[in-house]
Amino acid sequence: MSMIAVGQLPAAHNLYFGTSLQQGWFRHPLLTITVDKGIPMRSSVAPTYENRVLSAYEGEILGEEFFSVLAQKADSDQSRVKLRNLAAIERLVAEALLPVVTRYNLQPNSKVLLAEKGRRETVEYAELSWPEFAEKLKKLLEPFVREFETLLIEAPVEDRPYIQLLLDHEIALFAFAQAEGEDSSDGQIHLDNFLQRHKALLHNES
């Protein structure tokens, strides 16, 4: 069964913004420490706080492309809208993290490279049913919630609003996946709640 047949799930709400959906997500292609979504991070031993922020930022860029490509392959309008909403949230979070990336003079990989990784990551998801996709996505996201919880504890005071945003978006995506999978309910409410909670920061940085 081709991925993204939503069946009888309630129709998704539209997000509050109308910008175009473009590239991005997952993890980092340098060196050999595999973390969470299976993409190596920059550090060869113990990643610094700054490198973990960079990896998270690159992950959002990668994620936008990941969800955008899956939306293009979607079998139903409902699933297509939800995947585009996920892609848009990834883009907004990446944009919101830019002040932190700039503060530490971090040098991300090119968006072209990150987008290509995002497209490659879709291969093992594209033929799943919607509940299978949601369950696989939930397992993918769970380690990121733990990682970002730790990152928030380590964050300097000036970074905390941005890292809290990063953590809350991952929790919202996890809750979305849980709802759409095993709970067989509409997970869009979790995305809407995240956008409402952080609308000031997302608006200021986008």
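Counting in the numbering used here, the sequence shown runs from 979 upward without gaps.
Heads up, the beta-carbon is just placed ideally off N, CA and C, and yes, glycines get one too.
Inset, instruction - Pair every Cβ in the segment 1084 to 1102 with every Cβ in the segment 1120 to 1134, then say whether three or more of these pairs are closer than 8 Å. - result: no
Legend entry - Per-residue burial, V1059 [other beta carbons within 10 Å of its own, 16 or more giving buried]: Counted from its first residue, the sequence shown places residue 1059 at position 81. Classification for V1059: buried.
Inset, instruction - Mark Q1166 as exposed unless 16 or more other C-beta atoms lie within 10 angstroms of its C-beta, in which case mark it buried. - result: Here residue 1166 refers to the residue found at position 188 when the sequence shown is read from its first residue. It counts as buried.
Legend entry - Cα-Cα separation, K1117 to F1111: As a first step, residue 1117 is located in the sequence shown; it is residue number 139 there, counting from the start. As a first step, residue 1111 is located in the sequence shown; it is residue number 133 there, counting from the start. Taking the straight line from one Cα to the other gives about 10 Å.
Legend entry - Stretch-stretch touch, CB-based, cutoff 8 Å, three pairs: the segment 1100 to 1109 with the segment 1145 to 1163: yes
Legend entry - Contact set for Y1027: own chain, Cβ-Cβ below 8 Å, skip 5 residues either direction: As a position in the sequence shown, residue 1027 is number 49, starting the count at 1. L1129, E1132 and A1133, listed in sequence order.
Inset, instruction - Please classify R1062: is it buried, with 16 or more other beta-carbons within 10 angstroms of its beta-carbon, or exposed? - result: Within the sequence shown, numbered from 1, the residue matching residue 1062 stands at position 84. Counting Cβ neighbours within 10 Å, R1062 comes out buried, since at least 16 surround it.
Inset, instruction - Would you identify the three-state DSSP class for P1025, choosing helix, strand or coil? - result: By 1-based counting over the sequence shown, the position of residue 1025 is 47. Three-state DSSP puts P1025 in coil, outside helix and strand.
Legend entry - Alpha-carbon spacing of A1153 relative to R1081, whole angstroms: Translated into the one-based positions of the sequence shown, residue 1153 becomes position 175. Translated into the one-based positions of the sequence shown, residue 1081 becomes position 103. Computed Cα separation, rounded: 31 Å.
Inset, instruction - State the Cα-Cα distance for the pair V1047 and D1137, rounded to the nearest angstrom. - result: Stepping through the sequence shown from its first residue, residue 1047 is reached at position 69. Stepping through the sequence shown from its first residue, residue 1137 is reached at position 159. Their Cα atoms are separated by approximately 31 Å.
Inset, instruction - Spatial neighbours of R1175 within its chain, please: CB distance less than 6 Å, with the 5 preceding and 5 following residues excluded, ordered by chain position. - result: In the sequence shown, the residue the question calls residue 1175 occupies position 197. Nothing meets the Cβ criterion.
Inset, instruction - Report yes if the C-beta distance between V1079 and L1032 is below 9 Å; otherwise report no. - result: For the purposes of this step, residue 1079 is taken as the residue at position 101 of the sequence shown. For the purposes of this step, residue 1032 is taken as the residue at position 54 of the sequence shown. Yes, they are a contact pair.
Legend entry - Exposure of E1102, with buried meaning 16 or more beta-carbon neighbours within 10 Å: As a position in the sequence shown, residue 1102 is number 124, starting the count at 1. That one is exposed.
Legend entry - DSSP-derived helix/strand/coil call for S1054: Here residue 1054 corresponds to residue number 76 of the sequence shown, with the count starting at 1. Coil at S1054, not helix or strand.
Inset, instruction - Classify A1133 as helix, strand or coil using the three-state DSSP reduction. - result: If you number the sequence shown from 1, residue 1133 lands on position 155. Note: A1133 maps to coil in three-state DSSP.
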